[in-house]
Amino acid sequence: MAKIKHNNFLDSVDDVMVRAKEEGVLHLYASGSTLSGRYMEIDGTKHYHFGTTGYLGLEQDPRLKEAAIQAIRDCGTQFPLSKSYISHPLYEELEQQMATIYNTPVIITKNSTLGHLAVLPAAVRDEDAVILDHQVHWSVHHATEVLKSRGIPVEMIRHNNLNMLEEKLRELGQRAEKVWYLADGVYSMYGDFAPIDELMGLVKKYPQLHLYFDDVHGMSWKGKHGSGYVMSVLKELPKQVLLIGTLSKTFGASGATVVTTDRKLYSRIKNFGGPLTFSAQLEPASVAAAITSSKIHLSDEIYERQQDLQNRISHFNRLLSQTDLPLIDHNDSPVHFIGTGTPATGYELVKLMMQDGFYTNLGIFPAVPVKNTGVRITISTHNELEDITGLVDALSINYKLALEHTQTSLQRVRRAFKLPEAKASDTLDASKYTGRFQVSLESTITSIDKQLWNTYMGGKSIYDWEGLRLLEESFGGNEDQENNWEFRYVVILHNQEPVLMTYLTCALWKDDIFSKKEVSAYLEKERKRNPYHLTSRVLSLGSLITEGDHLYIDFDHTDWLEALNVFFRVLEDLEREFQAEMIVLRDFRKDNPLHKHFNLQGFVRMDMPESARFEQFDWESSADFISSLSKKSRAHFRKDIATFQEHVDVQIRPSLNRVELRRCYKLYKKVKKANLGLNTFTYPFQLFQNMNAHSAYEFIVLCNDDDDKYRLILGVMFCYKSGKTYVPNLIGLDYEYVNEYGVYRQLLYHTILRAKELGMERIDFGMTAGFEKRKLGAEVIENVSYVQVRDNYKLESLGVLQGATDKLS
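Sequential numbering of the sequence shown, starting at 396, is according to the working numbering.
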């Protein structure tokens, strides 16, 4: 295998978004000519609007509208000039008003995203370090890319995990002057809060700690003068805290605020804060609306509005508490998240709610883990109490329908979010979907009928019945935990005929298995001290050592899709049994027919390295084979293979002696160490001993054949015979001699000759070095796998690490 394409994360996100758009729940357009806040028209149908972030309804206030209109009449639609030169006439009043709200001077930015890009590079010095809460808003994540390019350490902790924060703080504090912790005041998906009092306790304990809060979702509906959730706790802003607020969302206008009581930092940001210097300033209409809103914030009216909103939130929470709907975080913020588990259920619930006239947001990957999809509901003062009552009534009915339509249960949703188990009466009857099938789940291949298994799974790779028995014997009873795998075999029958068949393993994987080699090199230094740093238990279709078509489905069977749904339930049970942090369904062709079904069940598609397969055996001799190659490939053969043939001796060995086996294992480990593009644990020597004793394995051994040199094994191909398929599944190379003797290319060539000699019909070359294999006539195939993670933390932490090590490239 080889390293994965590095742009696959964006491709995976795009894949999810495309599916959501196709389901009709994303990238919609509001129709009609007006907006009221309470209602929103979509495709000509009026919906109650429960997706706004204008929690106090100020964006529809007539006073803000009139102020914006008058500003356009007086100053035009915009003032196209950098604010560093001169601000338009309305700016000064807005800055004075906002300084009164926060009791300190503020800086106005175009929006919060540009605010982060302006502030963080100015606030964080080269001698500082940064810690991200892994649920902090994307715009904050994005702004840290600039810091990583300067070599500033950027690390990540799990959401609101103060123990991890303190551990990272102690570690980074040894080499950084300041350590900045970046968090949201109110988090945008679940509506939960930053533990501000506890964080301030850490500030007192560690003077190096500085806090950076994005509080755009806490603005206006909380705090004195609507200064936000963070200020409602702090009361006064300490010098160690830098705060980003907003003039958009609940404030009702546009723009954002940067608030700090550190005068030097204030001056540094204002003098040269990236987008502040080079971007256009806020339009006169936006500033005029913000001024009017600030006057409301500075009056007692803001507290009446805050209380009005709290009354509506309390009404919603009270009604929700009388249902079984899985609210993910119980709080008094305007943001609420009802978990649905799989995207399929989330799509269905949003669509059912729209059919009943209620618009809500879908919370989906990457904003939340893909298996933690849910419906994000926001409450605003636009929503009347009867609207909220109708919403909860519709949710109660449609949630059950969504579960039924997508063949899932409340129990499964609660498990996905680690919530208390549902009552037995709330659990969907699994027998409704498994009763027509006979489901066999075994922990050893010896419990599966050999003829049955080999009829459907044999002759493909090393996972026929005999090959799997060898793997079970090899990956059990080892000293190192990474070399002890759990095996599970799934057979789903209908009338004694297989509809679905596969095997899975649960094993310890390195999280950087598909990362850039620079990332793996960086992590391997840490693993010298802690061998299991950034590793996870992974439940995988097939195993790390096998490649190919691990999943048999009889697509001609009328109920194959129901059998697949049963399989998904088996996966969930196994995930809980093994406490796996990730499920990987691997090695599918890019155009496979299961893509939509995997996506709906919460699996994200990821590009895999290309695999190579050789099936062109319509030649009789080696000369015929060479003649069958293209002109360019024949030139490659003459230069890179034929040149070295007289200097090497190639033998086909059914087994190796003890010394040879040790030598070949050493060569395998050389390849393993060099191949950080696919970073796995080293397989145990026990595997190679078992291969050596197995009749289906043989070894293509390449030695030097020079009279004046010591005879030495330079390379070896470990090959398995499965029916009419020849599988060179591992290789060992002595890199000291690879170029001198063309070792790798010689082994590829002799693998083809040996397969022909044995009468094979296919060589499964597996992954890596597709270019080299293509030159010898192999077909190269694009592969994808499907990944489901328990949470996004490790994915995001690896992304942070990848950016931090880019400078090593």
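Backbone N, C-alpha and C define an ideal beta-carbon position, used for all residues, glycine too.
A quick note: this is a predicted structure, and the numbers were derived from the prediction, not measured.
- Message: With the cut-off set at 7 angstroms, would you say L895 and I887 are in Cβ contact?
- Response: yes
- Residue from R700, H442, G618 and T801 with nearest C-alpha to G785: H442
- Task: May I have a chain-ordered list of the alpha helix (DSSP H) segments no shorter than 4 residues that lie completely inside the segment 1146–1176?
- Result: 1165–1169
- Query: According to DSSP, is W1205 helix, strand or coil?
  - Reply: The structure shown does not extend to residue 1205, since the chain is modelled only from 396 to 1204, so the question has no answer here.
- Message: Short of 7 angstroms in beta carbon distance, which residues of its chain neighbour G668, apart from the five on each side in sequence? Order them along the chain.
- Response: A513, V514 and A517
- Task: Following the continuous beta strand (DSSP E) through F983, name the residue where it begins and the one where it ends.
- Result: M977 to R984
- Message: I'd like to check one pair, I908 with V1074: are the Cβ atoms closer than 7 angstroms?
- Response: First, the amino acid is wrong: residue 1074 is Asn here, not Val. Yes, the pair counts as a contact, with Cβ atoms nearer than the cut-off.
- Query: For the 8 angstroms Cβ check, are there 3 or more pairs between the segment 688–695 and the segment 649–659?
  - Reply: no
- Through-space distance from E799 to A819, alpha-carbon basis: The predicted position of A819 is uncertain, since its pLDDT is 47 and thus under 50; no value can be drawn from it.
- Query: On the three-state DSSP scale, how would you describe E816?
  - Reply: coil
- Using a Cβ-Cβ cut-off of 6 angstroms (strictly less than) and excluding sequence neighbours within five positions of V1175, which residues of its own chain qualify? E1005, A1007, G1165 and R1169
- Query: When the Cα atoms are used, what is the spatial distance from D438 to A425?
  - Reply: 7 angstroms
- Would you call the segment 723–743 and the segment 570–587 in contact, with 3 or more CB pairs under 8 angstroms? yes
- Nearest-angstrom Cα distance between G1072 and G1137? 22 angstroms
- Segment contact flag, the segment 468–477 with the segment 495–505, C-beta cutoff 8 angstroms, min 3 pairs: no
- Message: Distance check for A578 and I697, CA to CA, integer angstroms please.
- Response: 26 angstroms
- Compare the C-alpha of L757 against each of I857, L747, V763 and G769 and name the closest. G769
- If you count every other CB in all the chains shown that lies within 10 Å of the CB of Q996, and 16 or more means buried, which is it? buried
- Task: Give the C-beta separation of R984 and E1177 to the nearest angstrom, bearing in mind that I take them to be a contact with Cβ-Cβ under 8 angstroms.
- Result: 7 angstroms
- Message: According to DSSP, simplified to helix, strand and coil, what is H992?
- Response: helix
- Query: Which class does H401 belong to by DSSP, given the choice of helix, strand or coil?
  - Reply: Confidence is the limiting factor: at H401 the pLDDT is only 44, short of 50, which leaves the residue's position unreliable and the question unanswerable from this model.
- Helix, strand or coil for A415 per DSSP? helix
- Alpha-carbon to alpha-carbon, Y794 and T776: 25 angstroms
- Tell me M1112's beta-bridge partners as DSSP assigns them. I1095 and I1126
- Message: Please list the terminal residues of the continuous beta strand (DSSP E) segment that includes M595.
- Response: From DSSP, M595 is part of no beta strand (DSSP E) but of the alpha helix (DSSP H) over I591 to K600.
- Message: Cutting at 8 angstroms between CB atoms, please list the residues of its own chain near Y1060, excluding the five before and the five after it.
- Response: F1080, F1083 and G1127
- Message: For S1158, which residues in the same chain have their Cβ closer than 6 angstroms to its Cβ, ignoring the five residues on either side in sequence?
- Response: Sequence inspection shows Ile at residue 1158; the Ser mentioned does not correspond to that position. Cβ within range, chain order: F1009, Y1121 and A1150.
- Task: State whether the segment 603–622 contacts the segment 743–760, with contact taken as three or more CB pairs (one from each stretch) at a distance under 8 angstroms.
- Result: no
- Item | When W616, I978, R1140 and E522 are compared against Q1040, the one with the closest alpha-carbon | R1140
- Mind checking which residues open and close the alpha helix (DSSP H) that includes I664? R658 to N666
- Task: Give the DSSP-derived three-state secondary structure of E743 in the structure shown.
- Result: helix
- Query: If you drop the 5 nearest sequence neighbours on each side, which residues of the same chain put their C-beta closer than 6 angstroms to that of I774?
  - Reply: R707, I708, F711 and P729
- Query: To the nearest angstrom, how far is it from the Cα of A684 to the Cα of Y480?
  - Reply: 23 angstroms
- Query: Three-state secondary structure (DSSP) at W904?
  - Reply: strand
- Message: On the criterion of 16 or more Cβ atoms from any shown chain inside 10 Å, does L570 qualify as buried, or is it exposed?
- Response: First, the amino acid is wrong: residue 570 is Arg here, not Leu. Exposed.
- Message: If I follow the unbroken beta strand (DSSP E) through H731, where does it start and stop?
- Response: V730 to G736
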